[in-house]
Amino acid sequence: MKLFGKICSVLMFIFLYAPIAVMIFFSFNSSRSTYVFEGFSVKWYGELFNSSATLNALKNTFILAVFSALIATILGTLAAVGIFNMRSKIGKSAFMTVTNIPMMNPDVVTGVSMMLLFVFVGRLIGAQQYLSFYTILIAHITFNLPYVILNVLPKLRQTDKNLVEAAQDLGCTPHSAFYKVVLPNISSGIVSGFIMAFTLSLDDFVISYFTNGTGFQTLPLLIYNQTTKKTVKPDIYALSSVIFFAILILLIIVNLIQARSEMKLKKNAKAGFISKIAGKIGDWFDNKFETRAARVSVISFFLAVCIALSAFGINSLQNNQNDKYTELFNNLSGTYSTDYAGTELNVFNWGEYISDGDEGTLDVIDAFEHLTGIEVNYDNFDSNESMYSKLKSGAVSYDVVIPSDYMIERMKNENMLEKLDLNKISNFKYIDNKYKNLFYDENNEYSVAYNAGTVGLIYDSTLVNGEVDSWTIMWDEKYKDNILTFNNPRDCFAIAQFILGQNLNTEDKADWDAASDLLIEQNDILQGRVMDEVFNKMGGGNAAMAPYYAGDYFVMLESNPNLKFAYPKEGFNIFVDAFCVPNCVKNYEAALMFINFMCEPEVALANAEYICYTSPNTAVAENPDYSFYQDEILYPSDEVIKKAQYFHDFDPEVRKYYESLWEKILIS
Amino acid sequence: MKSSFLRRLINAPYLLWSVIFIIVPLVIVVYYALTDESGNYTLSYILNIGEYKEVFIRSLVYAVIATFITLIMSYPVAYYMSRSKVSTQKIMMLLVMLPMWMNLLIRTYSWTTILEKTGLINSFLGLFGIEPLKLIGTPGAVILGMVYNYIPYMILPIYTVMTKIDNSLLEAAEDLGSNGWAKLKRVILPLSFPGVISGITMVFVPSVSTFYISQKLGGAQTLMIGDIVQKRFDALSYNTGAALSLIMMVVILISLAIMNRFTDDDDGGIIL
Amino acid sequence: MGSLVLLNILQQFLLPQRGMHVMSKNENIVVELENIGISFDDEVILDDLCLSIKDGEFVTFLGPSGCGKTTTLRIIAGFTQPDTGEVIIDGNRMNGVPPYKRQVNTIFQRYALFPHLNVYENVAFGLRVNKVDKKEIDERVTAMLKSVNLSGFERRQVHSLSGGQQQRVAIARALVNNPKILLLDEPLGALDLKLRKDMQIELKNIQQQLGITFIFVTHDQEEALSMSDTVVVMNEGKIQQIGSPEDIYNEPKNAFVADFIGESNILDGIMREDKLVEMFGHKFECVDVGFEKNEPVDVVVRPEDIDVVSEGEGQLSGVVSSITFKGVHYEIIVDINNFKWMIQSTDSPAVGDRIGISIPPQDIHIMKKSEYSGMFGDYSTFSDEMELMNEVEDDGEDET
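Residue numbers (the numbering used here), protein chains in the order written: chain L, 4 to 671; chain H, 911 to 1182; chain D, 356 to 755.
Okay, structure coming up:
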């Protein structure tokens, strides 16, 4: 029995720690892959401390955790005292039942219900944006409260009720008896409640996901975005390794302190070396600060200093790069004022759709912030539809968004966009006429093109024999479990529609039914439906083929040189993503300035190099130093382009119809 | 009386908070589930849940399997832990809790490094010329993710209950002629039952409602109900999303109620 | 135990202030309870209770668990407010006055020492709350700790002390505030027998030296008898008898008091005339007068007052049904006309022997019939074990 248990335990710990060991190991990978280890390097740790997004998320996470835990602790302690003193049994159990709800309910339901509350109230009072730092704070306090209460209540029960009477007997008012006697006796419960609340808040993803507001990203949300976006680089492993070791050290310290106080109780007990040292340090501490109050204040002071230092450190890390943009700023063609310094600009863009300072590239957002003094809150979306939903819901508010063509059309028709004052966007002159006055914005009043792109089939030449020229290969049983496809309805339908020879923008329900049937047929041989996860899958050689955007092919090629790209003969989708200003804009002038900055030749070049999409900016496309200068895939010939079709917006009826079909495809 | 007024006052903030941020949101979920986009009463969203029958069943099946595996794996470990030296117990506790402090997302994601087609296992098998196995994108991978993420929630309650089993009870059982198996069956199992039940609850609830694990480790055919809820809300279909959440909540409540029948825990439900 | 040391110190430090007080106010009533009534959840806890306590007295509330003795104490301390009646302390009506405004201190059943404070801070607690000058606090606490023999224990955590030491911290914590009245709620209940006996003496001595009023709650009749000036026997929310320990023992007012205090054979009798009572058809001479002719009465005979004689020589005779050696004496159960008598004697007849008993007239105590008559049977079901079990139950006493 014992031996069996021992073996089980050893196996269990191997199981528990294998992924963590792998994670730590790969955080030292010198390549960008999280699958293939190519050499030892600590560069991802360097990246970590250079990434303002990561440091910002770290700061946000701490702020949120400290405040939510603090408020939950105060409220929860009061509540626990109140519940403890309640006379009526029914009231007590009613309270406990309510307290248990957030603990027993799945996180998803808690998150969703809070989000609905905010949406409901927001709509009721007609607020511009429903979600903010305060909503996520409220949500965190709410799910933290039960843990505080359940930590404090048992301590109250353990406290001899005669103690309060004894204090009153010795002259305390009921009030001061609470402070002098009850509070010190339940303090350990309060502290452990606080710590528990703090860690839960630190770690929460699901509830934050539903309740976070514009520009407020926490570490778990950052990790979520990074693991669902494009290339997952080992930097998140580095981040997690840092967190892992920080927690490990913290836990060891806590345990040593505990071991010491136990040792103090039984002084003669044999003590290990480490606990002896801990004991020595602790004794010194105790002698130095005799009363409990002094000790508590010293520790809290120490903690406060730590937090202040780390906040200061983060800020100085962010600020000590003032002169690295001098050259860029000297070459700017537009004019930029600092009149809007100190204001905030909320930008909503696709994931990894801007040069972010990674591996020596230009950190565009940071440069803009330095140039204008405007603070940019930058959020990601992963589909036009989710971006649209968020804006439509009014849950958030942005100043600049970057939708695709058909979505611009829809938003324009729904009056969700502001007209752009092109006089203030002097760099508009660089935009190629091909990308002006397109169907979605005939008079070019609402948009400035950012990137163009095409969809093609990416395949692994080691897994697929011969040249590929048709979408039909995605229905070939030979490649069962090796085929990836889009995880969004329009791109996915488009493939079937091309095979069926339909117009992509058909409003005939029969056409959609046919396409849907074809897609359901494909379900059995699919490995999965992916969006940006495709980078890891294809880059790692984990799938034979996937339809994706032409530019992204080059990113995948870096990790997997065997990849090939094809424009299938049936036709393919072409799209334009463009800057727009939604009507919930709060900082219009800054938004125009930002768009203008993004069209600066040097900035546009940095973005084009980073994103690898087709740039509509002539200053980029005609620059011989540009890596994709006259590239055949990014800048295909007119003959190829002939076969391309744009997505147009639909009548809501048709949209609803194909969305319901999509829902069925997903779950069948 | 003055003190009872004070007593009421001390409860007021929490009472207010829990009504506004716990009760009202649930009422709003019900409201959204029972109305259409323009706010008219309708049962259609609830009635349409039938379309998601398979997803519900799949979620329940995966969660039940994951919970069962977790239980089988945790029980001997918890037993071994509870019978170890105090210092060993402490270290083991720390080791069990430590992964819980890591973010669930990252713990899940790092499995892809192991399970992918070019991941560690397949690379290892490749050394012996074995064809790569399809590990990721399977129901097995999803269940593995659940087991991995939630196993500490099973070990800890069972361990806690087991430490409370007096050694003399085990000695008494031996004295009365029980061998190892009989001791387990007649003494340890019944006494650790409350821990097992709360462990099952703590693993089952998050498993059945998870929405990240199946996206990362599963494939096209392993979507769970949590994923659908997330997608519905991302697509702004609040009413469908609310209806799904409501049904999910009811399903979980029913499962818990069934489980509660096995315990005569009068401490106001199962907590930790 | 160092009680001598303790006394010396107490005299030195505390008596100068207290001594005069004792003399001048000795006969004054310090606590007066008038028609106190209280009930919780429709259950009557105290019923029209009246009581006066003199300054400097050692008063003990004695009774079984649930008799209301602790409630009475809590009413005096101010933790509980009576539904009806007046509480007067030192001439002032105290109804509604909270405990922290009363010059009364309490020693709690399980001491209620503050676990988050060390010994010194526990004792200094009351002084600090009352904002006594720091230097004075230090002097008084140090002196107090010295007087309870706990010098050097200042920095110790209270949970690291033994039961007796904790007890003394509790005493010090209460006395350092110079209370007018000290309330003690079964303070010795948690101590083992030996320590308990020592503390009884110690407490009694402290009380005598300080001269302050001690109100002591116990369910242990021996403790009550050996320590008190006055014993208040309570049952079911009512005072059964107030008197000196001797009165209570020798002249119990009713069957309850007789049974609760010590061992008694309680028999039905009929008062045939003054100084003559009839039991079991046999007339006994006694010393009681003032009953109606042929009035049914309860007769109490203490087991140690019965002489064992040869069969036929005594007033009654019966068969020995059991005999137990108790150290100082034998405890003999004798069946006389189907009534089992308990006799404590140095004689040791064998089980089954027929013996005679004789009772001297002055040892027969006659009581009027009361609600308790007939409730206490003979010793047929008596066993030591039973009594022990009852005592254990009593420990979890009077939680209301």
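For glycine and all other residues, C-beta sits at the position ideal for the given N, C-alpha and C.
The structure presented is a predicted model; accordingly, all values stated were derived computationally and were not measured.
Expressed to the nearest angstrom, what Euclidean distance is found between the alpha-carbon atoms of residue i and residue j?
i, j, result
"L/S36", "L/D206", "25 Å"
"H/I1107", "H/N1170", "8 Å"
"L/D628", "L/F136", "44 Å"
"L/S486", "L/K572", "Note on identity: in this sequence residue 486 of chain L is Ile, with Ser being the wrong assignment. Rounded to whole angstroms, L/I486 to L/K572 spans 19 Å at the Cα level."
"L/E355", "L/D435", "24 Å"
"D/C641", "D/Q717", "6 Å"
"D/V587", "H/R1096", "54 Å"
"H/L919", "L/L81", "10 Å"
"L/E524", "L/A517", "11 Å"
"D/N693", "D/G624", "15 Å"
"L/L19", "H/T1018", "12 Å"
"L/E445", "L/K439", "8 Å"
"L/N620", "L/D342", "27 Å"
"L/D113", "L/V588", "The residue asked about is misnamed: residue 113 of chain L is Thr in this sequence, not Asp. Approximately 30 Å between the Cα atoms of the pair."
"H/Y989", "H/E1081", "16 Å"
"L/R413", "L/L669", "25 Å"
Taking C-beta to C-beta, are residue i and residue j nearer than 9 Å?
i, j, result
"L/P149", "L/M106", "yes"
"L/V84", "L/L159", "yes"
"D/K535", "D/V385", "yes"
"D/V513", "D/N460", "no"
"D/A432", "D/R448", "no"
"L/N537", "L/V403", "The question names Asn, yet the displayed sequence has Val at residue 537 of chain L. Not in contact: L/V537 and L/V403 (Cβ atoms no closer than 9 Å)."
"D/I698", "D/V664", "no"
Within the 9 Å Cβ cut-off, does residue i reach chain H?
i, result
"L/V122", "yes"
"L/A272", "At L/A272, the pLDDT of 45 sits below 50, so the modelled position is not reliable and the matter cannot be decided from this model."
Would you verify that the beta carbon of residue i is, or is not, closer than 9 Å to some beta carbon of chain D?
i, result
"L/G192", "no"
"L/G94", "no"
"L/L156", "no"
"L/S179", "yes"
Flag residue i as yes if its beta-carbon sits less than 9 Å from any beta-carbon of chain L, otherwise no.
i, result
"D/Q464", "yes"
"H/F978", "no"
"D/F434", "yes"
"H/D1144", "yes"
"H/Q1131", "yes"
"H/E1084", "no"
"D/K380", "Only weak support is given to the placement of D/K380: the predicted model assigns it a pLDDT of 42, under 50, and the value that follows is read from those uncertain coordinates. No, D/K380 does not count as interfacial toward chain L."
"H/P1153", "Contrary to the premise, residue 1153 of chain H reads as Ala rather than Pro in this sequence. Answer no: the Cβ-Cβ gap between H/A1153 and chain L never drops below 9 Å."
"H/R1017", "yes"
"D/T755", "For D/T755, the predicted structure reports a pLDDT of 38, less than 50, and the residue's modelled location is therefore unreliable. A value from the coordinates is still provided. Closer than 9 Å: no."
Name the DSSP beta bridge partners of residue i, please?
i, result
"L/N349", "L/N380"
"D/I391", "D/L404"
"L/G459", "L/Y551"
"L/F568", "L/I461"
Cβ contact check for the segment 718-729 of chain D and the segment 604-617 of chain D: 3 or more pairs under 8 Å: yes
The segment 378-394 of chain L in contact with the segment 67-80 of chain L per 3-pair CB rule at 8 Å: no
Contact the segment 416-425 of chain L vs the segment 626-640 of chain L: 3+ CB pairs below 8 Å: no
Cβ contact (3+ pairs, closer than 8 Å) linking the segment 138-149 of chain L and the segment 181-189 of chain L: no
The segment 535-552 of chain L contacting the segment 20-33 of chain L, beta-carbon criterion three pairs below 8 Å: no
Contact between the segment 1082-1090 of chain H and the segment 1004-1014 of chain H (3+ Cβ pairs under 8 Å): no
Contact between the segment 587-604 of chain D and the segment 411-425 of chain D (3+ Cβ pairs under 8 Å): yes
Contact between the segment 966-977 of chain H and the segment 1112-1119 of chain H (3+ Cβ pairs under 8 Å): yes
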